[in-house]
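Q:
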Amino acid sequence: MIVIAVRKQIDQKRELVFNPAADTRLDVGDEVIVLGKPDQVARLRTYAQA
Numbered sequence: 000m001i002v003i004a005v006r007k008q009i010d011q012k013r014e015l016v017f018n019p020a021a022d023t024r025l026d027v028g029d030e031v032i033v034l035g036k037p038d039q040v041a042r043l044r045t046y047a048q049a
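Residue numbers (numbering that gives the first Met the number 0): 0 to 49.
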């Protein structure tokens, strides 16, 4: 699976962080844009909803 970008809330606006570093912190409300096989994306959704 490849993480293409993370959409973050920064200073009252939404910004896309393309090709985020491996240590990029995900906060509540962030959106992760990924490219992967259907089973990989489904597994990520399961983890994200936990």
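Idealized CB from N, CA, C, for every residue including glycine.
Please state if the CB of L25 and the CB of V33 are separated by a distance shorter than 8 Å.
A: No, the Cβ-Cβ distance between V33 and L25 is not below 8 Å.
Q: What's the call for V27, buried or exposed, on a 16-neighbour Cβ count within 10 Å?
A: Under this definition V27 is an exposed residue.
Q: What residue range is occupied by the uninterrupted alpha helix (DSSP H) comprising Q39?
A: Segment 37-48, the alpha helix (DSSP H) holding Q39.
Q: Which of helix, strand or coil does DSSP assign to A21?
A: Looking at A21 - three-state DSSP - the assignment turns out to be coil, as it is neither helix nor strand.
Q: Which residue's Cα is closest to the Cα of I1: N18, R13, I9, Q11?
A: If we check each option's Cα against that of I1, N18 comes out closest.
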